[in-house]
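One structure is given below, encoded as C-alpha cells.
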Amino acid sequence: MWRRIILYRFQIDRVVRVPLFVALAVSAAVVLLVVCFLVLESADALRAIGPWRFVSDASWHPTRFADTGQFNLMPIVWGTLWVTVGAVLVAAPLAFLMALYLYFFAAPRRARAVRSLLGLLAGIPSVVYGLWGLTVLVPWISRWQPPGASLLAGILILALMILPTIALLTDAAFQATPKASADAAAAAGLSRWGALRAVVWPPARSGVVAALVLGTGRALGETMAVLMVCGNVVRTPSSLFDPIRTLTANIALEMAYAMDLHRSALFVTGLMLAVAVGVMVLLASLLKERDPYAA
Amino acid sequence: MTTPIITEQQDLTTCPADLAANAHLCLEHTAIFYGPQQALRETSLSIPRKRIFSIIGPSGCGKSSLLRAMNRLNDRIEACTVRGKVLLDGEDVYAAGTDMIHLRRRVGMIFQQPNPFPLSIEHNIDLPLREHGWRSRSKRRERIERVLREVGLWDEVKDRLRHSALRLSGGQQQRLCVARALALDPEVLLMDEPCSALDPLSSAVVEDLIVRLRDRLTVVVVTHNLGQARRISDHTAFFWSRDQMGCLVECNETERLFNAPARDLTAAYVNGQRG
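Respectively, the protein sequence lines represent chains A and B.
Counting from 1 along the first sequence, just add 49 to a position and that's the residue number in this note's numbering.
Counting from 1 along the second sequence, just add 729 to a position and that's the residue number in this note's numbering.
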C-alpha cells in the first residue's frame, strides 16, 4: 500500500510539472512576442528614417514621409524620465515611512485599516486620478505658476498613484521578517532603529527593490493621468513648471490618425519605452544582487 | 497507577525560605493568560542570585511563557497578559514606565533556535553595543573579542569576523548568541531550551559555557533534558500541566528535587514514569 502511495505521489509531481511549465512558457512567449511585434512594426521607420534622426532631428513633427517630417523623440524621452524619476523620488521616501509606521508603530487593527485603505488607493483607475489632477491640481499650480499643466503636476499625480504600490510591497517585505529574528532584536534591547538595521532590513532589501521597480514601472507606463495633467507640449523641460509630453502620451495622442512612417515612428516610441523598462529591471537586478550577508 | 493530585493552592508554591532571602528574581502571584485562556496558574517563585536555576516539565506547562514574562518578551504577543508581579531586584518589571530597553539589557535571553542577526559576526555584537551607548569603537572591539573568547568562539572566527553569522554552524551560532547577550553585561540570562536544537557535541559545549556563567550572573534555563537540569543547575522548579493550565508542582535544590522529591508526581516525572 505504501508503495502505491509513493508511486502515486511521484506521478502527481510529474503531472503537475506540465501545466506549470506551460504557464511559464506562455508568459515568456508573450514578452518575446510583444518585443518582436514592436521591433517589426518600428522596422519601417528605423530603416527609412534611421535611428540617428530619432535623437538628432530639430523637432517632433512627424509626417507620413521621411523627408518632410521631423522625428526627434529626445524631448519626450527627457520628459518621461524626469516625470518618472520625480514621482519615484517623491513617493518612495513617503512609502518607506508608511511601511516603517505600519511595521513598528501601528497597532495591529489600525495597521489593517491603513493597509486596506492603501489597497483601495492602488485600485482607483488612473483616469480618476487624472480627472482630479485636471480639475484641482492643475488650476492650483496655474495660480502659482501658469500654465499649470506641467512636469510638476505629472510628478505629483504619478507619485500619488505609485505611493500605495510601493508602500504595500515594502510593508509586505518588512512583514516577512522572521519572527525569531524580531524576537532576537527585542530580547537584545534594540531600539526600533536598531531592529530595522539588524533584522528587518537585511532580508527585506530585495523586496524593497522589487517594490521600487514595480512602482517605477507603473510610473513609466502610466498614460491616461499624465496625458491629462502634463500639457503634452513636445519640449525638453527646463523647469518643474514646463509642460511635458511622455512617451506613453505620445502614442496615445497620435495613434488615432498616424499613417505609414508616422505610425511606425510611434512604434519606435513604444520600443524606447520597452528599452527603458529593460534598463530599469537591469539596474534593479544589480542593486539586488550583492547581499553581503546572505547565508 | 495512582494519579497524584495537587489540591491546595498553597501547596503549589513550595519555594524554600532560604531561596527567598537571596532572591534576584521573584515571581509574586504571577499568572499568564492568552486571551481568555489561562496558560499559567498563579505562581510564586524565588530565583537566587548568581546561581543556575532550571525549569523543567512537559510541553505546554507554561515554562516558556513564564520565562518570557521575566524580560517582558510576552508583550510582543497581542493577546498575552500577565497578572501579579515579576520583581527584579525588588522592582516590578511590569510597573508602568519601565524602560524596556534597559530591562532587556539587564535581562538577556537565549532562544531554542539560534537566532543571530543576518549581519556579519562582528556586527552581531557591535550593533547592540552601539545601541546601548558604547560610543568608542576601540572599546567595542575589545568587548567583542572578550565575549567571543568567553564563549570559546574567538579562535574559530577571528579571521572571518566580517563574514555572515548565518554561515556559522548551529552550535557556533548559539555561542554567538550567548556572546551577544553577554556583551551587554546582563545580570540575568534567560535560556529557553538553549541546547535542544543542537547536535550532542555542540550541546555539550554550550552546556559547559552555561556552567562557567555560575557565580557571574543569574541563569534561568528552561530545559526538556532532565539530565542537563541535574548536571548544571543549583535549583530546579518542576511545572506540570493540568486542564491545559501550567502550574508549579515543586521547587527545590536540584539534588533534593531529583533524589528526594516531596511529591509523587515529581518522583514519577524525574524517574521517567510520567511526562
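Cβ coordinates follow ideal geometry from the N, Cα and C atoms, glycine included.
Taking Cβ to Cβ, would you say residue i is nearer than 8 Å to residue j?
{"i": "Asp-291 of chain A", "j": "Ser-175 of chain A", "result": "no"}
{"i": "Val-948 of chain B", "j": "Ile-939 of chain B", "result": "yes"}
{"i": "Ile-215 of chain A", "j": "Ala-140 of chain A", "result": "yes"}
{"i": "Thr-285 of chain A", "j": "Ala-260 of chain A", "result": "no"}
{"i": "Gly-203 of chain A", "j": "Val-283 of chain A", "result": "no"}
{"i": "Arg-780 of chain B", "j": "Asp-963 of chain B", "result": "yes"}
{"i": "Leu-911 of chain B", "j": "Val-876 of chain B", "result": "yes"}
{"i": "Thr-226 of chain A", "j": "Val-248 of chain A", "result": "yes"}
{"i": "Leu-816 of chain B", "j": "Leu-754 of chain B", "result": "yes"}
{"i": "Ala-253 of chain A", "j": "Cys-279 of chain A", "result": "no"}
{"i": "Leu-315 of chain A", "j": "Phe-114 of chain A", "result": "no"}
{"i": "Phe-86 of chain A", "j": "Arg-102 of chain A", "result": "no"}
{"i": "Pro-787 of chain B", "j": "Trp-969 of chain B", "result": "yes"}
{"i": "Ile-839 of chain B", "j": "Ala-966 of chain B", "result": "no"}
{"i": "Ala-236 of chain A", "j": "Leu-802 of chain B", "result": "yes"}
{"i": "Thr-759 of chain B", "j": "Val-836 of chain B", "result": "no"}
{"i": "Gly-179 of chain A", "j": "Ile-211 of chain A", "result": "no"}
{"i": "Val-317 of chain A", "j": "Leu-95 of chain A", "result": "yes"}
Between residue i and chain B, is the shortest Cβ-Cβ distance under 8 Å, so that the two count as touching?
{"i": "Val-163 of chain A", "result": "no"}
{"i": "Val-257 of chain A", "result": "no"}
{"i": "Pro-157 of chain A", "result": "yes"}
In chain B, what lies closer than 7 Å to residue i by C-beta?
{"i": "Pro-251 of chain A", "result": "Pro-847, Leu-848"}
{"i": "Leu-239 of chain A", "result": "Pro-857, Glu-860"}
Check whether the Cβ of residue i lies closer than 8 Å to any Cβ atom in chain A.
{"i": "Leu-856 of chain B", "result": "yes"}
{"i": "Leu-802 of chain B", "result": "yes"}
{"i": "Gln-903 of chain B", "result": "no"}
{"i": "Arg-909 of chain B", "result": "yes"}
Which of helix, strand or coil does DSSP assign to residue i?
{"i": "Cys-85 of chain A", "result": "helix"}
{"i": "Gln-841 of chain B", "result": "coil"}
{"i": "His-311 of chain A", "result": "helix"}
{"i": "His-758 of chain B", "result": "strand"}
{"i": "Glu-965 of chain B", "result": "According to the sequence shown, residue 965 of chain B is Thr rather than Glu. Here Thr-965 of chain B sits in strand by DSSP."}
{"i": "Leu-276 of chain A", "result": "helix"}
{"i": "Asn-803 of chain B", "result": "helix"}
{"i": "Arg-971 of chain B", "result": "strand"}
{"i": "Arg-66 of chain A", "result": "helix"}
{"i": "Gln-60 of chain A", "result": "helix"}
{"i": "Trp-109 of chain A", "result": "strand"}
{"i": "Gly-819 of chain B", "result": "coil"}
{"i": "Val-187 of chain A", "result": "helix"}
{"i": "Val-282 of chain A", "result": "coil"}
{"i": "Phe-103 of chain A", "result": "helix"}
{"i": "Met-329 of chain A", "result": "helix"}
{"i": "Thr-827 of chain B", "result": "coil"}
{"i": "Asp-944 of chain B", "result": "coil"}
{"i": "Ser-76 of chain A", "result": "helix"}
For residue i, which residues in chain B fall below 8 Å Cβ to Cβ?
{"i": "Leu-245 of chain A", "result": "Within 8 Å Cβ-Cβ: nothing; Leu-245 of chain A doesn't reach chain B, min ~11 Å."}
{"i": "Val-248 of chain A", "result": "Phe-846, Pro-847"}
Whose Cβ in chain A lies nearer than 9 Å to the Cβ of residue i?
{"i": "Phe-987 of chain B", "result": "Those within 9 Å of Phe-987 of chain B in chain A number zero; the least Cβ separation is about 30 Å."}
Which residues in chain A sit within 8 Å of residue i, going by Cβ to Cβ distance?
{"i": "Phe-840 of chain B", "result": "Ala-229, Asp-232, Ala-233, Ala-236"}
{"i": "Leu-913 of chain B", "result": "Ala-237, Gly-238"}
Along chain A, which residues have their Cβ under 7 Å away from the Cβ of residue i?
{"i": "Arg-889 of chain B", "result": "Those within 7 Å of Arg-889 of chain B in chain A number zero; the least Cβ separation is about 12 Å."}
{"i": "Asn-751 of chain B", "result": "Here the premise fails: no neighbours, minimum Cβ distance about 26 Å."}
{"i": "Glu-807 of chain B", "result": "Pro-157"}
Should residue i be flagged as near chain C, meaning a C-beta pair shorter than 8 Å?
{"i": "Val-79 of chain A", "result": "In the displayed structure, chain C is absent; the protein chains listed are A and B."}
Residues from the region 824-836 of chain B in contact with chain A, defined by Cβ distance under 9 Å: For the region 824-836 of chain B, which is checked against every Cβ of chain A, the residues closer than 9 Å are Met-829, Ile-830, His-831, Leu-832, Arg-833, Arg-834, Arg-835, Val-836.
Closer than 8 Å between beta carbons: that is the criterion. Which residues of the region 777-805 of chain B meet it against chain A? Asn-800, Leu-802, Arg-805
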